[in-house]
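Here the structure is laid out as structure tokens; the discussion comes afterwards.
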Amino acid sequence: MNEMSGTEDGLRDLSAVWRANAEVNAALLKHLTPEMLSAVTPGGGFTVAEHLAHMVGTTKYWGSLRSEDAMRGVPTLYDENARLAETDITRVRDAFERTRDDAWQAAFMLGGQPNEWGEGPHASPTAFLAHMLIHDAHHRGQILLALKTNGFPLPGEDALWAPLREAR
């Protein structure tokens, strides 16, 4: 195997995991109802809507440090002045779709061409995407805890685990 094919294989694997993470987020978002968005994490934590807004906002922030242009189309789901998170589930779902695609572009593409990573807060595109994947998983756990402790049903285990187990 030459060095380039190893890089291409690694990029393909990373892309599969990135897409699988997006599928898990989509399964969770599909499960959520407007009533569930106000469920609060125990101990006075975020509401589900705030967790979702934070997930999108964090990816948008870190991605914009790499490529502001790539992240420009990602909507903001939290109004800092009113201290309110978006509760229109359709808008939230759309923001997650935009974030998934735009963050990938920020990590790997600039102006339609593969980018040189260079300077920045993350050592590599892989480090950036790993940070975002782990961050998403943390907040999904917090969302599930909020749902469970507020008496809402949880999505099926398979909806949340199958995409990651089957990523190719």
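First residue of the sequence shown: 53, per our numbering; consecutive thereafter. Built from N, CA and C at the ideal position, the CB exists for glycine as well.
Would you mind giving the Cβ-Cβ distance between residue 199 and residue 69, rounded to the nearest angstrom? I have them listed as a contact below 8 Å.
That pair is no contact at about 25 Å.
Which residue from 80, 119 and 115 puts its Cα closest to that of residue 103?
Among 80, 119 and 115, the Cα nearest to that of residue 103 is on 80.
With 16 other CB atoms within 10 Å as the buried threshold, where does residue 203 fall?
Exposed is the call here.
Output needed for residue 152: all residues of its chain with C-beta closer than 6 Å, excluding positions within five of it in sequence on either side, in chain order.
74, listed in sequence order.
Please work out which residues of its chain come closer than 8 Å, Cβ to Cβ, to residue 192, disregarding the five sequence neighbours upstream and downstream, and give them in chain order.
76, 77, 80 and 212, listed in sequence order.
Is residue 82 buried or exposed, if buried means 16 or more other CB atoms sit within 10 Å of its CB?
Classification of residue 82: exposed, given that the 10 Å Cβ count is below 16.
Over what stretch of residues does the alpha helix (DSSP H) that includes residue 188 continue unbroken?
177-201 is the span of the alpha helix (DSSP H), which, as asked, contains residue 188.
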